[in-house]
């Protein structure tokens, strides 16, 4: 399923946006986005994700986590409870 705002897959955790007013960087959480169902949901990056050095690879040079911290603690199949705390794609254009 694709984001109704930007057209990228909701399952992508690599979409990055910068808030023009605050200058804060945001990254999409694929689990929050899937729970929302129509737009990417973004959380502040790296604060809400973490960047463990064990994740650093040539494909992921920053070592970012795919899902936000709150979603990584959920059981398989459980909907995100953090979705309302994020910002939808259309609010970061």
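In the numbering used here, the protein residues as written are -3 to 89.
Heads up, the beta-carbon is just placed ideally off N, CA and C, and yes, glycines get one too.
Counting the other Cβ atoms within 10 Å of the Cβ of residue 87 gives fewer than 16, which makes it exposed. The region -2 to 52 contains, as complete beta strand (DSSP E) runs of 3+ residues, the segments 12 to 14, 21 to 24 and 37 to 40 (chain order). When the Cα atoms are used, residue 57 and residue -2 turn out to be separated by approximately 25 Å. Taking the C-beta atoms as reference points, residue 14 is found no nearer than 9 Å to residue 24. For residue 80, the closest alpha carbon among the candidates 51, 39, 61 and 5 is that of 39.
Taking the CA atoms as reference points, residue 28 sits about 5 Å from residue 76. Under DSSP, residue 84 shares a beta bridge with 37. For the options 5, 21 and 52, the alpha carbon positioned closest to that of residue 89 is the one of 21. Annotation: residue 77 is outside any alpha helix (DSSP H) and is labelled neither H nor E by DSSP.
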